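Using the numbering used here, count along the sequence shown one by one with no gaps and you end on 268.
Working notes for the structure below.
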Amino acid sequence: MDALRVEHIGIAVKNLEDSNALFKQLLGIEHYKVEEVASEYVNTSFFQVGESKIELLQATADSSAIAKFVEKRGEGIHHIAFEVEDIHASMQDLRENGFRLLNEAPKRGADNKLVCFVHPKTANGVLVELCQTIREEE
Ligand code: ZN
């Protein structure tokens, strides 16, 4: 699929404010934004670490995938996101190679991205996110 870099690592947390303070202490930097993704029932915050980011995710509803994750497995690493140049081409590539995608078409994610998730069952138990920066025309 031509992954360009690790764009971010997503970490599920119970309380975004508490975790923002914790990660500030841990990393020595402030988060640079907080953004709600209403369609996914999550509130997110981002820390820039070199060329990659840490994305903290807190559920805003019990039906949120993050709420279910935290309930089942506790707080922790939820997904790894790889940046791609062309998400449609990458999705097609992965499908042809037998990976199961969790969404048929790219969705709008946080931080001006089009995103798609790969089923962890087909990726060694890792929830993989593809993300592509939204260009002017999209
Ligand atoms: Zn993500």
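All C-beta atoms in this analysis are idealised placements derived from N, C-alpha and C, irrespective of residue type, glycine included.
Quantities reported herein were computed from a predicted structural model and do not represent experimental measurements.
Please state whether DSSP places V256 in a helix, a strand or coil.
-> The residue given as residue 256 occupies position 126 in the sequence shown. Correct three-state label for V256: coil.
Limits of the beta strand (DSSP E) - the one that S175 falls within = As a working mapping, residue 175 is identified with position 45 in the sequence shown. Where S175 is concerned, the enclosing beta strand (DSSP E) stretches over 172-179.
For the stretch 136-224, list the alpha helix (DSSP H) runs that are entirely contained and at least 4 residues long, ordered along the chain.
-> 146-157, 195-203
Would you kindly work out how many angstroms separate the C-alpha atoms of F176 and N233, rounded to a whole number?
-> The residue you call residue 176 lines up with position 46 of the sequence shown. The residue you call residue 233 lines up with position 103 of the sequence shown. Computed Cα separation, rounded: 24 Å.
Considering only residues of the same chain and omitting the five flanking positions on each side of A253, which have a CB-CB separation below 8 Å?
-> Within the sequence shown, numbered from 1, the residue matching residue 253 stands at position 123. Cβ within range, chain order: F229.
Under 8 Å Cβ to Cβ from L231, same chain only, skipping five residues before and after it: list those, please.
-> Against the sequence shown, residue 231 aligns to sequence position 101. Closer than 8 Å at the Cβ level, and outside the excluded window around L231, lie M221, L224, R225, C246, F247, V248, H249.
Throw me the rounded Cβ distance for the F212 and V136 pair, which I believe falls under 8 Å.
-> Position 82 of the sequence shown holds residue 212. Position 6 of the sequence shown holds residue 136. Contact holds; Cβ gap of about 6 Å.
What are the boundary residues of the beta strand (DSSP E) that R238 is part of?
-> The count along the sequence shown starts at 1 and reaches residue 238 at position 108. Where R238 is concerned, the enclosing beta strand (DSSP E) stretches over 237-239.
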